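What follows is one structure encoded as structure tokens, with my remarks underneath.
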Amino acid sequence: MVLAPEEWEAVRLSLAVALRSVAFGLPPAVLAAWLLARGRFPGRALLDALVHLPLVMPPVVVGWLLLVTFGLRGPVGSLLDAWFGVRLVFTTAGASLATAVMSFPLIVRAVRLSLDAVDPGLEAAARTLGAGSLDRFATVTLPLIAPGILSGAITAFAAGLGEFGAVITFASNIPGETQTLPLAIYAATQTPGGEATAARLAAVSLALAVAGLLLADLAGRRLAVALGRPLR
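All residue numbers for the sequence shown refer to full-length UniProt numbering, where the first residue is 1 and numbers rise by one.
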């Protein structure tokens with residue numbers, strides 16, 4: 001089970017990409033969850049469908065859409081390159097973006113479930129005491145949904161460690177740059193005599209996934225107890 005330096009690099013890159021994807025996707029995911037849970041506006045059903053599209057679309061299609069949009073000739077990618085010199089395609093940042101898009105619905109669903117469980121009477125009481133909307137969200141709603149946010153973030157991080165289709169389509173499989181654990185496993189299976197490498201990396205991937213899921217459940221429970229909420 002001793003990993004070679006290039007295998008450790010794939011593990012390190014996977015952790016970095018997953019962490020950056022959560023940091024990138026968490027704020028808009030919380031906003032989207034709040035809009036879907038509390039908003040009443042035309043197009044709400046369409047927004048709900050768009051948010052959850054990565055769950056039902058093939059990851060390769062998501063990666064292709066990102067390539068079309070954020071590629072050097074895409075409507076967004078060309079502007080980023082011309083105005084800021086930023087290139088996402090075939091880079092670590094691009095791998096993080098693809099992973100963030102695929103794990104985005106997981107965070108939204110976790111936060112939305114937490115929002116649905118919040119007693120509206122608490123927010124109404126804060127409103128009668130003169131608290132504004134931002135004040136109510138920061139002092140009442142946010143602490144109550146914190147377990148959902150934390151669980152969603154950890155689950156998205158664990159899922160991001162295993163993202164393959166969107167990453168290889170948008171960011172390619174470049175060792176040291178975009179070759180995460182799943183891509184390194186795929187490359188090992190395509191190499192003669194690479195079965196041992198694939199087995200080692202698969203074992204590491206499995207261990208990280210199980211640890212992430214257990215940590216998400218434990219962290220959510222601990223935070224719920226700290227906030228004085230009964231466990232279900």
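Idealized CB from N, CA, C, for every residue including glycine. Owing to the predicted nature of the structure, the values given are computational and were not obtained by experimental measurement.
Cβ neighbours of residue i in the same chain (closer than 6 Å, five flanking residues each side left out)
i      : result
ALA32  : VAL51, VAL108
GLU123 : ARG136, VAL140
ALA29  : PHE104, ILE107, VAL108
ILE149 : VAL111
8 Å contact criterion, which residue i and residue j should meet: CB distance rounded
i      : j      : result
LEU181 : LEU201 : 6 Å
ILE145 : VAL111 : 6 Å
SER114 : ALA219 : That belief does not hold up - the Cβ atoms of SER114 and ALA219 are roughly 13 Å apart, past 8 Å.
PRO105 : PRO54  : 6 Å
Residue i versus the options, residue with shortest Cα-Cα distance
i           : options                        : result
GLY94       : PRO27, LEU218, GLU177          : GLU177
VAL22       : LEU213, ALA131, ALA219, PHE157 : PHE157
VAL17       : LEU213, LEU97, SER205          : LEU97
ALA226      : ALA209, PRO147, ASP217, GLY162 : PRO147
SER103      : VAL56, ALA159, ALA199          : ALA159
residue 250 : THR191, GLN179, PRO54          : Given a span of 1 to 232 for the chain in the structure shown, any question on residue 250 remains unanswerable.
ALA117      : GLN190, ARG87, PRO75, LEU142   : LEU142
ARG20       : LEU161, PRO54, LEU208          : LEU161
VAL60       : ARG87, THR99, VAL86            : THR99
SER133      : ARG38, PHE84, THR191, ALA4     : ARG38
LEU15       : ALA211, LEU129, THR128         : ALA211
ALA4        : LEU206, ASP217, ALA216, ALA198 : ALA198
Nonlocal neighbours in the same chain, by C-beta distance under 8 Å from residue i, ignoring five residues either side
i      : result
ARG73  : none
LEU183 : ALA10, PHE164, VAL167, ILE168, ASN173
ARG44  : LEU35, LEU36
Whole-angstrom distance between residue j and residue i, CA atom to CA atom
i           : j      : result
GLY25       : ALA126 : 29 Å
GLY63       : PHE170 : 5 Å
VAL101      : ALA188 : 26 Å
ARG40       : VAL2   : 55 Å
LEU80       : LEU67  : 13 Å
GLY194      : ALA82  : 41 Å
PRO42       : ASP119 : 25 Å
PHE90       : GLY71  : 9 Å
ALA131      : LEU47  : 29 Å
ALA196      : ALA203 : 11 Å
LEU208      : LEU214 : 10 Å
residue 233 : THR128 : The question about residue 233 has no answer here: the residues shown for the chain are numbered 1 through 232.
MET57       : GLY121 : 38 Å
ILE185      : THR92  : 18 Å
ARG206      : GLN190 : Inspection of the sequence shows that residue 206 is occupied by Leu rather than by Arg. Distance between the alpha carbons of LEU206 and GLN190: 20 Å.
Contact set for residue i: own chain, Cβ-Cβ below 7 Å, skip 5 residues either direction
i      : result
PRO175 : GLU6
VAL76  : THR69, PHE70
Residue i Cβ short of 7 Å to the ligand SAH heavy atom set
i     : result
VAL56 : With respect to the ligand SAH, the structure shown offers nothing to examine, as it has no ligands at all.
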